[in-house]
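Data block below; observations after.
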DNA sequence: ATTATACCCTACTATTTTTGTCAACATTCA
DNA sequence: TGAATGTTGACAAAAATAGTAGGGTATAAT
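Protein chains in written order, with our numbering: chain A, 105 to 249; chain B, 105 to 249.
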């Protein structure tokens with residue numbers, strides 16, 4: 105039950121952009137290099153995030169990408185759902201129209217619902233700002249030692 | 105981020121066996137039929153569950169499979185981890201030896217850890233007995249109406 | 001205007017994972 | 001013995017994943 109690289113790389117890239125929030129457009133190759141990702145592949149992810157309204161882009165020389173909203177207004181859930189679709193262990197708890205063969209007596213569905221809900225709670229409660237703060241904390245602790 | 109059929113089918117099969125707990129060995133074809141699964145495929149899953157000590161098997165005619173422990177002593181987590189491995193969104197929060205490229209400053213890892221932990225909490229708290237009780241409730245409610 | 005830079009878009013492909021199938025063999029019960 | 005059932009391992013089609021490749025378009029600096 106892993107996330108695909110879309111979600112994993114995408115979150116890394118968004119975090120990196122959050123680090124530069126307010127500093128104007130950041131070129132993709134710099135993001136790709138800093139997070140060690142393929143630039144061509146990252147283009148695809150970034151295009152999706154842009155269409156979803158999480159990123160703005162500026163074309164041309166000195167152009168690049170930037171968060172469309174402040175880091176505190178973008179959740180991990182926003183990012184992962186854009187790139188991966190809903191995060192749930194089974195299709196029957198996502199699509200309302202999906203019908204199990206034995207709907208009447210499907211007890212496993214209750215289990216999948218509880219897993220889905222607990223994931224949602226986590227990813228909707230973490231913002232990019234929270235991640236920046238965490239990073240700050242790590243750096244601070246390191247300096248103390 | 106779906107579970108594979110291994111985990112989904114496996115839980116269904118284990119639930120079905122829990123329904124028959126205490127009634128001796130149940131042949132696989134009956135389980136396969138009741139839950140509408142491929143018998144051949146189910147064989148593989150059941151073999152894994154047996155090796156893990158969650159099932160006992162009885163060979164020969166009138167043989168079959170049965171839970172190795174009472175339903176209240178088998179959790180959804182036991183079953184899913186046996187069939188799927190650890191349920192986590194990324195490899196870096198499973199394998200202790202796994203090393204991210206940028207371990208020192210990997211903030212995304214904290215996110216994956218929180219997702220993993222919340223999933224663990226759910227699946228380790230639900231037993232087969234709980235599922236039987238839920239099913240009972242559903243049936244009772246239906247009868248009332 | 002030219003050139004360098006960077007985003008946009010589509011199609012393609014190699015690899016891996018999933019989801020099984022199939023066949024041969026072992027064991028037990030009647 | 002023979003039929004029912006479990007055990008094992010090899011094989012394979014299909015789908016999803018994880019990129020690659022490359023041309024097109026827009027912008028800014030010179």
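Idealized CB from N, CA, C, for every residue including glycine.
Can you pull the chain A neighbours of residue 219/B, defined as C-beta to C-beta under 8 Å? Simply 223, 226, 227.
Assuming contact is defined by CB atoms lying nearer than 8 Å, are residue 149/B and residue 117/B in contact in what I supplied? Yes.
Mind listing which residues of the segment 180 to 191 of chain B have their C-beta closer than 7 Å to chain A's C-betas, in chain order? Per Cβ criterion, the list reads 180, 188, 191.
Express the C-alpha separation of residue 146/B and residue 125/B in angstroms, rounding to a whole number. Near 19 Å, if we compare the C-alpha coordinates of residue 146/B and residue 125/B.
CA-CA distance, residue 221/A and residue 213/A? So the alpha carbons of these two residues sit roughly 12 Å apart.
Buried or exposed, going by whether 16 or more other CB atoms sit within 10 Å of the CB of residue 180/A? Classification for residue 180/A: buried.
Please specify which runs of the beta strand (DSSP E), each continuous and at least 3 residues long, are wholly inside the segment 135 to 185 of chain A, giving them in chain order. Runs found: 159 to 162, 168 to 171.
Mark residue 218/A as exposed unless 16 or more other C-beta atoms lie within 10 angstroms of its C-beta, in which case mark it buried. The residue in question, residue 218/A, is buried, as its Cβ has 16 or more Cβ neighbours within 10 Å.
Write down the C-beta distance between residue 130/B and residue 141/B rounded to the nearest angstrom, noting that I regard them as a contact closer than 8 Å. Approximately 14 Å separates the beta-carbon atoms of residue 130/B and residue 141/B; this is outside 8 Å, ruling out the contact.
Throw me the rounded Cβ distance for the residue 187/A and residue 152/A pair, which I believe falls under 8 Å. Contact holds; Cβ gap of about 6 Å.
Distance between beta carbons of residue 127/A and residue 136/A, contact taken as under 8 Å: With 8 Å as the limit, residue 136/A and residue 127/A do not qualify as a contact, their Cβ atoms being about 18 Å apart.
Residue(s) in a DSSP beta bridge with residue 338/B: This structure cannot speak to residue 338/B, because chain B is shown only from 105 to 249.
Using CA atoms only, rank isn't needed, just tell me which of 240/B, 105/B, 185/B, 160/B is closest to residue 224/B. With distances taken between Cα atoms, residue 224/B lies closest to 185/B.
Near residue 133/A, which residues of its chain fall below 8 Å by C-beta distance, leaving aside the five closest residues on each side in sequence? Only 143 meet the Cβ criterion.
Residues near residue 234/B by beta carbon distance below 6 Å, same chain, minus five either side: Taken in chain order, the list of residues that qualify is empty.
Can you give me the C-alpha to C-alpha distance between residue 198/B and residue 216/B, rounded to a whole angstrom? Taking the Cα positions, residue 198/B is about 10 Å away from residue 216/B.
What is the DSSP secondary structure of residue 223/A, reduced to helix, strand or coil? Helix, per DSSP.
Residues of chain A with CB under 9 Å from residue 55/B, in chain order? With chain B covering 105 to 249 only, the question about residue 55/B has no answer from this structure.
Reference residue 108/A; option with closest CA among 242/A, 241/A, 237/A, 183/A: Here the closest residue by C-alpha is 183/A.
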